[in-house]
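Enquirer: Residue numbers (our numbering): 99 to 346.
No residue lacks a Cβ here, since even glycine has one placed at the ideal position from N, Cα and C.
None of these values were measured; they are calculated from a predicted model.
1) Provide the residue span of the alpha helix (DSSP H) that contains residue 130, from first to last.
2) Of all the beta strand (DSSP E) runs that stay within the bounds of the segment 163–251, which reach a length of 3 or more residues?
3) Closest by CA to residue 130, which one among 163, 145, 110 and 156?
4) From this set, 321, 294, 114 and 110, which residue's C-alpha is nearest residue 210's C-alpha?
5) Cα separation between residue 336 and residue 308?
6) Could you spell out where the alpha helix (DSSP H) holding residue 153 opens and where it closes?
7) Do you know how far the Cα of residue 167 is from the Cα of residue 322?
8) Once the 5 residues before and after residue 334 are set aside, which same chain residues still bring their CB inside 6 Å of it?
9) What would DSSP say about residue 293, mapped onto helix, strand or coil?
10) Applying the 10 Å Cβ sphere with the 16-neighbour rule, what's the burial state of residue 324?
11) Name the DSSP beta bridge partners of residue 310, please?
12) Determine the DSSP secondary structure at residue 110, reduced to helix, strand or coil.
13) Rounded to the nearest angstrom, how far is the Cβ of residue 287 from that of residue 207, given a contact under 8 Å?
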């Protein structure tokens with residue numbers, strides 16, 4: 099796409115994946131090789147979006163050291179990209195995959211919010227309440243399921259803020275500018291397990307934590323919902339993980 103190529107869909111065609119019995123071998127540590135390949139792609143193609151890959155990658159530890167030959171090969175690919183007059187990566191996001199949600203530089207966490215116990219994730223309902231969905235992916239974010247937590251303590255979804263409805267203790271979203279002092283609060287993420295922890299909501303001098311429940315409140319009765327309870331770090335239904343941690 100970026101350099102003038104095309105992908106054609108042949109009428110009535112079928113595409114299959116043939117798995118070989120012997121596994122592919124890596125010249126060195128598998129995770130290091132894969133990470134270097136991803137670093138190479140990021141550096142050559144992502145332009146101003148490269149910071150996102152770097153921020154996610156840092157959450158898994160320091161980057162592997164590139165050899166002189168690897169750096170030289172990278173430069174050759176950048177020169178080829180310029181020679182072919184390839185489009186910027188922003189063009190790909192705008193025209194090929196406009197549904198992709200891109201994190202803001204202010205975000206510390208981004209992606210689906212998945213429960214540690216049930217492996218189900220948050221999803222906004224039509225009336226703005228936050229429910230639970232089975233339609234989750236670990237390495238691909240469904241656009242409607244993405245949430246973010248920024249350095250200011252704002253938990254957001256699609257440019258709106260998530261807050262606690264103090265009448266039902268359910269979570270709801272609305273435009274950030276519409277929040278009042280009575281429902282405006284600061285969120286934080288307290289890590290308990292590797293890449294998982296509690297979301298803390300400081301409100302009215304107390305800390306509340308979201309938990310996966312079968313709702314018994316009047317609205318969305320008996321539905322799977324996200325409701326605020328007193329924090330209990332030993333309750334697995336209160337432990338959540340974001341798809342991505344962004345380390346600047």
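Expert: Looking at the coordinates:
1) The residue given as residue 130 occupies position 32 in the chain shown. In the DSSP annotation of this structure, the continuous segment of the alpha helix (DSSP H) that includes residue 130 starts and ends at 128–143.
2) Entirely contained in the segment 163–251, the beta strand (DSSP E) runs reaching 3 residues are, in chain order, 205–213, 219–222, 228–231 and 245–248.
3) What you label residue 130 is simply residue 32 of the chain shown in a count that begins at 1. When the alpha-carbon of residue 130 is set against those of 163, 145, 110 and 156, the nearest one is in 163.
4) As a working note, residue 210 is residue 112 in the chain shown. The shortest C-alpha separation from residue 210 is found at 294.
5) The residue given as residue 336 occupies position 238 in the chain shown. The residue given as residue 308 occupies position 210 in the chain shown. CA-CA distance, residue 336 to residue 308, rounds to 6 Å.
6) Here residue 153 refers to the residue found at position 55 of the chain shown. 148–156 is the span of the alpha helix (DSSP H), which, as asked, contains residue 153.
7) Here the question's residue 322 lines up with position 224 in the chain shown. Here the question's residue 167 lines up with position 69 in the chain shown. Residue 322 and residue 167: Cα-Cα distance of roughly 53 Å.
8) Reading the chain shown from its first residue, position 236 is the one you call residue 334. If the five residues before and after residue 334 are omitted, its C-beta is found closer than 6 Å to the C-beta atoms of 214 and 215, all from its own chain and listed in chain order.
9) Reading the chain shown from its first residue, position 195 is the one you call residue 293. Here residue 293 sits in coil by DSSP.
10) Start at 1 with the first residue of the chain shown, and residue 324 comes out as number 226. Buried: at least 16 other Cβ atoms inside 10 Å.
11) For the purposes of this step, residue 310 is taken as residue 212 along the chain shown, with counting starting at 1. DSSP links residue 310 through a beta bridge to 324.
12) Within the chain shown, numbered from 1, the residue matching residue 110 stands at position 12. In this structure, residue 110 counts as coil in the three-state DSSP scheme.
13) In the chain shown, the residue the question calls residue 287 occupies position 189. In the chain shown, the residue the question calls residue 207 occupies position 109. About 6 Å separates the Cβ atoms of residue 287 and residue 207, confirming a contact at the 8 Å cut-off.
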